[in-house]
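First comes the structure, then the notes that go with it.
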Amino acid sequence: MGSDVFQPGITAGRLDPDSYAEHFSDLHPRLDAHEALVAADRCYFCHDAPCITACPTDIDIPLFIRQIATGTPDAAAKTILTQNIMGGMCARVCPTETLCEEACVREAAEGKPVLIGQLQRYATDHLQEQGIHPFSRAAATGKKVAVVGAGPAGLSCAHRLAMLGHDVVVMDARAKPGGLNEYGIATYKTPDGYAQTEVDWLLQIGGITLQCGTALGDGFTLEDLREGYDAVFLAMGLGGVNALDAEGSNKDGVRDAVDFIAELRQASDVAEVPIGRDVVVIGGGMTAVDAAVQAKLLGALNVTLVYRRGRDRMNASVFEQDLAASKGVRIVTHAVPVAVHGNGSVREIEFEYVDDAMKGTGQTLRLPADQVFKAIGQTLIGDGIPELDGRKIKVSETGRTSVAGVWAGGDCASGGDDLTVTAVAEGRDAAMDIHKVLVG
Amino acid sequence: MADLRSEFIGIKSPNPFWLASAPPTDKEYNVRRAFDAGWGGVVWKTLGFDPHVVNVNGPRYGAVFGADRRLLGLNNIELITDRPLQTNLDEIKAVKRDYPDQAMIVSLMVPCEEEPWKKILPMVEETGADGVELNFGCPHGMSERGMGSAVGQVPEYIEMVTRWVKANTRMPVIVKLTPNITDIRKPAGAAKSGGADAVSLINTINSITSVDLDLFAPEPTIDGKGAHGGYCGPAVKPIALNMVAEIARDPELHGLPISGIGGVTTWRDAAEFLALGAGNVQVCTAAMTYGFKIVQEMISGLSDYMDSKGIASVDEIVGRAVPNVTDWNQLNLNYVAKAKINQDLCISCGRCFAACEDTSHQAIAMSEDRTFTVIDEECVACNLCVNVCPVEECITMEAMTPGSTDPRTGRVVQPDYANWTTHPNNPSAKAAE
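From first to last, the protein sequence lines stand for chains A and B. The opening residue of the first sequence carries number 1261 in the numbering used here; numbering runs sequentially from there. The opening residue of the second sequence carries number 489 in the numbering used here; numbering runs sequentially from there.
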């Protein structure tokens, strides 16, 4: 414990340098070759395996594990990447405990699933670190597709389209490609700049032009794209953040969790990222947990995650909740923020306890806070976009929107969970549909 | 605790677990430690005349692995002892003197002439050893020189050499047989005719464990080349069990004592050999894989088993399964069973379905929610589903009660026994009528 952990206010350098390095190293260090063989040996090679069904990208998991077990990890990687071009990132960030590993029959048999996520990383790292890109482009079709957003959905779509022989231009509002892989995921899940490494590897397919720093409504319109390209894929994610409906929520020290996570990811030295002594995170999803855990890892003395419903309703998986608890995050449920107190800067935040029907109980809770992170959901922003379904762009099974020639996928589109792996699947499937429409 | 004391052809040992003639019994240092660890006896690694043989200076062993590198089969190209004869004899004498209660058998291999046997036997007797084992089984190296399995593959030679040995020693004689033959009863019969007190089997099986796909050479590879070795370990147990049973149930060979060898790894393996007629067992690969300590599990396991069955002595197990080993044409064709899947134990891996659907009788149904059930109308009770299921006791074979109707054939299950010899589809049966 460093000496500065008791210092009130928002300050950097609370810990000694070794602690930062330890805290932000790989959450799951990569399996070595022996560990991979031992883990692969446990796969039963199930018929019509439940893990495949549970994977949003339908990776043939038993096949790739058998390929690892028989000493051909590069073949395993190709099996993975054929279905999921961002299999490397998904191996790191997928909530496998609620997807493939939850479905693993070993989970039923022994409560210990095959380490599918870690095996997937073993295979994809093995291939990518040799610089091998096992896909090539089909003959040029002469068609040109615009992709808005260089996150998992956009890049997945772009790669598949490029593979099929189309030329693709990918536009992104941020300075770097990768979307939430680059800006929105906890640092310890994807250390050593893997998001950019993966994008560079993905772009080896060729035929993809990247234009960063340009956004829909800021440099071009959907109409421009429809005129200039044969098809458009919208995958700009959710650029806005829901407002906190509590008195005093504009005080200093109250900020969006996504900004904090992005700042941490982009920091050249995490020790320079300031953090409060008493941190409160509002929300119950992955973003809330990522923010809360990282606040703790940066040296915050007290971190409380406050969620308005019960733990069973949290979007963060049980694994994520347990991870937060193990790092010392306190989880408070059934409480909604009602007021932020403080003179200019936040000093305390007040909550009211609510029942399962979200009805106020009249009982309140005041937590000391010099920093408050809001992680209460993101919203779609943009003008002149296709018809919405609720708060997202309405799409068909294959990503078609209400506008002819325009597809959408990822977090900005309706359907599916807001996961990297789901975005990759939607991008891939939209690309196949675009291809079908363009070449007939 | 059950009484594990064993007496095999007059040789007493505190338990029926002997170490086979092999690297573990190569020298005094090992054998003393083996006895201290609890082994009932050893067969000292095969002696020959000086100048002693030499071994290769590269790898001697190759292996076949199961999941998690569990060693299932081991192959070796090591020869008989590569130390001077007198050194071995002195060590045997010293060990036997200090361990009078443990069995000390000496394995021998000398040229196929009477003189060498006449010469070596008194030297062994002088050590105080309890008996000799004639190595007619070693399938590599020595066989190229007309010894080992080169003798064991010719019943006449076995009989001849055994007769010489019996004529020249008072010690009990065990003849060790090679499995690299067509019918194990022939060499066993030859040993019996020659006057052998017992046979031991199996020695190792000719084998190439694997091929190096970079060098395109068999493994273990010595400077780019490989020679076949002798295969042993858990993988060979089924072959050994069958050969032991073939001898035990042969009317001509009935009563010939057998020392069972071949993949004995646990107490259960040992008990199976005993049940099929072996009077004791010899172990090698398990000790080479896990060390001498495994005998402690064998002792406690066999003892617990005997206690649970109310079996007082090892001899009560010996041969107990032999009457139930029969020929295919004696099996009851009126016995009808069906596979049954315990849904509480099932983990829905679907391996039974894949196996049955792709390679057997399409007798397992799979529902949308991955419930697997047996289709009695198709099930022939082949047992493949039981064998591929990863969960113990999840799938079982349930016998149909006589009087019920087999939905596959539409026939009523008969209570009486009827085999192929009387079956209407058997042309010989019809001809006999």
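Positions of the beta carbon are idealized from the N, C-alpha and C atoms, including for glycine. Just so you know, these numbers come straight off a predicted model, no measurement behind them.
query = chain B beta carbons: is any one of them nearer than 8 Å to that of residue 1365 of chain A?
reply = yes
Strand pairing of residue 550 of chain B, partner residues [DSSP] = B:563
query = Buried or exposed: where does residue 521 of chain B fall if 16 or more other Cβ atoms within 10 Å of its Cβ makes it buried?
reply = exposed
key: Beta-carbon proximity list for residue 736 of chain B, same chain, < 7 Å, skipping 5 on both sides   = 746, 764, 765, 807, 810
message = Looking only at its chain, what residues have a beta carbon closer than 7 Å to the beta carbon of residue 1699 of chain A, apart from the 5 residues adjacent to it on each side?
response = 1401
request  = Return the CA-CA distance between residue 921 of chain B and residue 819 of chain B, expressed in angstroms with no decimal places.
outcome  = Note that residue 921 of chain B scores a pLDDT of 46, beneath 50, so its modelled location is shaky; the value from the coordinates is reported in the next line. Residue 921 of chain B and residue 819 of chain B: Cα-Cα distance of roughly 21 Å.
task = Could I get the ranges of all uninterrupted alpha helix (DSSP H) runs contained in the segment 1567 to 1650 of chain A, with 4 residues as the minimum, in chain order?
result = 1578 to 1586
message = I need the straight-line Cα distance from residue 679 of chain B to residue 685 of chain B, nearest angstrom please.
response = 9 Å
request  = Examine the Cβ distances between the segment 1585 to 1596 of chain A and the segment 1559 to 1577 of chain A and report whether three or more of them are shorter than 8 Å.
outcome  = yes
request  = Inspect the CB distances between the segment 1681 to 1696 of chain A and the segment 1420 to 1431 of chain A and report whether three or more fall short of 8 Å.
outcome  = yes
task = Could you tell me whether the Cβ of residue 921 of chain B comes closer than 8 Å to any Cβ of chain A?
result = Note on residue 921 of chain B: pLDDT 46, under 50, position unreliable in the model; no value is reported.
key: Three-way DSSP call (helix, strand, coil) for residue 908 of chain B in this model   = helix
request  = Measure from the C-beta of residue 1310 of chain A to each C-beta in chain B and report whether the shortest distance is under 8 Å.
outcome  = yes
key: The alpha helix (DSSP H) enclosing residue 694 of chain B, as first and last residue numbers   = Where residue 694 of chain B is concerned, there is no enclosing alpha helix (DSSP H), although the beta strand (DSSP E) it sits in stretches over 693 to 695.
ask   = Which stretch, first to last residue, makes up the alpha helix (DSSP H) that contains residue 873 of chain B?
value = 872 to 876
Same chain, Cβ closer than 7 Å to residue 1461 of chain A, five either side skipped, listed in chain order = 1388, 1393
task = Would you tell me roughly how many angstroms separate the C-alpha atoms of residue 1518 of chain A and residue 827 of chain B, rounded to the nearest one?
result = 56 Å
Environment of residue 816 of chain B [buried if 16+ CB atoms lie within 10 Å] = exposed
ask   = Within the 8 Å Cβ cut-off, does residue 839 of chain B reach chain A?
value = yes
task = Kindly indicate which three-state DSSP category residue 1300 of chain A falls into: helix, strand or coil?
result = helix
ask   = So with Cβ pairs under 8 Å, would you call residue 722 of chain B a contact of chain A?
value = no
ask   = Comparing the C-beta of residue 903 of chain B with each C-beta of chain A, is any distance below 8 Å?
value = no
query = Which bits of chain A does residue 556 of chain B rub up against, with CB to CB less than 7 Å?
reply = 1298, 1301
Close Cβ partners of residue 1647 of chain A (< 6 Å) along its chain, the five nearest in sequence each way excluded = 1654, 1662
Presumed contact (8 Å Cβ cut-off) between residue 1360 of chain A and residue 1321 of chain A, rounded CB distance = 6 Å
message = Given this structure, state the Cα-to-Cα distance separating residue 1323 of chain A from residue 1555 of chain A, to the nearest angstrom.
response = 40 Å
ask   = Do you know how far the Cα of residue 752 of chain B is from the Cα of residue 782 of chain B?
value = 11 Å
inquiry  = Can you check whether the C-beta of residue 842 of chain B is within less than 8 Å of a C-beta belonging to chain A?
reply    = yes
ask   = Can you tell me whether DSSP reads residue 894 of chain B as helix, strand or coil?
value = coil
ask   = Residues in the segment 1362 to 1392 of chain A with C-beta within 7 Å of chain B's C-beta atoms, listed in sequence order?
value = 1365, 1368, 1369
ask   = Which one of A:1446, A:1618, A:1327, A:1366 has the shortest CA to CA distance from residue 1526 of chain A?
value = A:1446
ask   = Would residue 835 of chain B count as contacting chain A if we go by Cβ distances under 8 Å?
value = yes
query = So which residues on chain B does residue 1304 of chain A lean against when the C-beta distance must stay under 8 Å?
reply = 837, 839, 878
query = Nearest chain D C-beta to residue 858 of chain B closer than 8 Å, yes or no?
reply = Judged by its chain identifiers, the structure shown contains no chain D, and its protein chains are A and B.
message = When you compare the CB positions of residue 1588 of chain A and residue 1497 of chain A, do they come within less than 8 Å of one another, or not?
response = no
ask   = Applying the criterion that 16 or more other CB atoms from any shown protein chain within 10 Å of the CB defines a buried residue, is residue 1366 of chain A buried or exposed?
value = buried
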